[in-house]
Amino acid sequence: MSEVKFSKEHEWITLEGDVATIGITKHATEMLGDIVFAELPEKGSNVEKDGTAGVVESTKAASDVYTPVSGEVVDTNQAIVDDPSKINEDPEGSAWFFKLKMKDQSEMDSLMNKEEYDKFAKESAS
Amino acid sequence: MEIKKTSLNKLHQSNNAKFVEFAGYEMPIQYSKGIIEEHKFTRSHSGIFDVSHMGQLFIYGDETLTEELEKIFPLDLKNLKQNCSKYSFLMNEDAGIYDDLIITKIEEGYLIILNAACKDKDFEILSNLLGSKFKMNLDNNRSLIAIQGPKSVEILNSIINGVDQLNFMTGNWFDSDNQKLFVTRSGYTGEDGFEISISNDKAEKFVENLIKKGAQLIGLGARDTLRLEAGLCLYGHELDINKTPVEANLRWAISKSRLSNGGFIGSKKIMNQMQDGASQIRVGIKPEGRLIAREKTKIFDDTDTQIGEITSGTFGPSVNGPIAMGYVNKEFSKVDTKILLEVRGKKHPANVCALPFYKKNYVKGVN
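Protein chains in written order, with this note's numbering: chain A, 1 to 126; chain B, 127 to 493.
Have a look at this one:
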């Protein structure tokens, strides 16, 4: 599996072969608070880099989830739809959102590594 | 304008509050445990809420004060006993609501608790209506602390002996720590609880004491989920200048004895609506599934006609599901009516339901 990369919209992404797994970062969940609703893209649909690919809602507000790369949705994580509190518990592990079959793996190149993202998150929070 | 702070601001900070601006005040939206934990703690133990941003209006005067106030509020104030509280409204001639409030008869006058965002305007309106005959004091030297939840009576009574003798919607002055506190048994969460009016310089120590006894600070986020589960209105959402108490389904708050003769501001409209019914009415709404319908969500019938709008919507932690309130045309206001909510471009099924979503019994017969 590839190194974890991060987007400015606070998604994380890993690549295995040509299938990317995408979720939202721990930092994002801390900003959102208790997540009580998750909506995921439909399996078989195509999503475009930086387009919306889902929604999460906290007790306070709704937020779009974006996809950092383009591709066909090949799997979604029903467990987080059934129990959205899992997203707060393990956002960068078992609470992944969806898997994409990527077309153009060079889209990964512009994303941040962990160190860069941590710095970005710290700056954007203050 | 500079943001205002309550006398508990430092205490909020040291308890890791996340702040938001609310009605010109820097207020805690939540603390480190988060809204759901805070909500559940209030329901099972005891939550402390800083509501010092709300207005505490003391009005003093002779017996003509009651007469003058009866020209304003739809209440039978002549028969209101001392230390008893009533929920009411400040309205315009069309019965549009300027504010909703709690009025308590105290010695030689009344105490009115007003919403933070409305209090200055309310003061102006009431000053104009009452003239200079009565002493009016929108008291900025006092903080207001609410303590809510099943353990609150035991905790508060250990600090202010005798509050356990208060019935719901009554209050009294108590002596504690060499000062006079006005305590009412009331609240905004659907739980048993109290509101304590205390001088600013004593508020922090008082709250620290409540925390030592096992209560915890709760933010405005959980205050909102708690009141919504209890089916209670929030000014600026369920209530505003374009809504009347009848439309808001708050007929119960209008004293029956005042309906025959009227004589209060907005009485004509109220009496007409009581007779003919209002065209739109506030209802409880439960979306099917987990979908949350927020404020301003449009409500449709099955023929694609818009029949109303959501005024508050969130996830109810104790209900463990989404809940909302909104206004619908009266023919859709019956419990179990199927409606559709348009969220992110799609229509989702929901049901009109009875309020409150969550019910506990208030303490009535202490004495």
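Think of the CB as a built atom: it goes at the ideal place given N, C-alpha and C, for glycine as much as any other residue.
In this structure, B:K261 sits away from B:G222, with a CB-CB distance that is not shorter than 9 Å. The C-beta of B:F167 comes no closer than 9 Å to any C-beta of chain A.
Looking at B:N298, B:S323, B:G357, B:S284, the one whose alpha-carbon comes closest to that of B:G316 is B:G357. Close to A:G23, with beta-carbon spacing below 7 Å, lies no residue of chain B; the smallest spacing is near 19 Å. Taking all protein chains shown into account, B:I129 has fewer than 16 neighbouring C-beta atoms within 10 Å of its C-beta and is therefore exposed. B:F175 is outside the set of residues whose beta carbon lies under 9 Å from a beta carbon in chain A. Counting only Cβ-Cβ distances below 8 Å, B:T351 has contacts in chain A at T59, in chain order. In the three-state reduction of the DSSP assignment, A:D18 falls in the coil class. Secondary-structure assignment with DSSP links B:T440 through a beta bridge to B:I449. Around the Cβ of B:D226, a 10 Å sphere holds 16 or more other Cβ atoms; the residue is buried. Going by beta carbons, B:R311 and B:D301 fall outside the 9 Å limit. Within the stretch 221-296 of chain B, the runs of beta strand (DSSP E) at least 3 residues long that lie entirely inside it are, in chain order, 223-232, 235-240, 261-264, 268-274.
Considering only beta carbons, the part of the stretch 27-61 of chain A lying closer than 9 Å to chain B consists of G33, D34, V36, F37, A38, E39, V55, E57, S58, T59, K60, A61, in chain order. Put simply, the backbone Cα of B:V461 is about 5 Å away from that of B:V478.
For A:V81, the nearest CB of chain B lies under 9 Å from its own CB, placing it at the interface with that chain. Under the three-pair Cβ rule at 8 Å, the stretch 411-426 of chain B counts as touching the stretch 445-460 of chain B. Taking all protein chains in view, the Cβ of B:K395 is crowded by 16 or more other Cβ atoms within 10 Å, so the residue is classified as buried. The Cβ-Cβ distance between B:F199 and B:L183 does not fall below 9 Å. Contact between A:K114 and A:V47 is ruled out by a C-beta separation of about 24 Å, above the 8 Å threshold.
Closest in alpha carbon position to A:G44, among A:Q78, A:S85, A:L100, is A:L100. Between B:F483 and B:E321, the C-beta spacing is not below 9 Å. Chain order gives no chain A residues near B:R377, where near means a beta carbon separation below 7 Å; the closest approach is about 31 Å. When secondary structure is reduced to three states using DSSP, B:T310 falls in the strand class.
By the beta-carbon neighbour count (other beta carbons within 10 angstroms, threshold 16), A:S58 is buried. The C-beta of A:S7 comes no closer than 9 Å to any C-beta of chain B. Under the Cβ distance rule, A:S63 does not count among the residues neighbouring chain B, no pair being separated by less than 9 Å. Using a CB distance cut-off of 9 Å, A:P91 does not count as an interface residue toward chain B.
With respect to the 9 Å criterion, B:G471 and B:I344 are not classified as neighbours on the basis of their beta carbons. If you look at B:H474, you'll find it isn't in any alpha helix (DSSP H); it sits in the beta strand (DSSP E) that goes 472-479.
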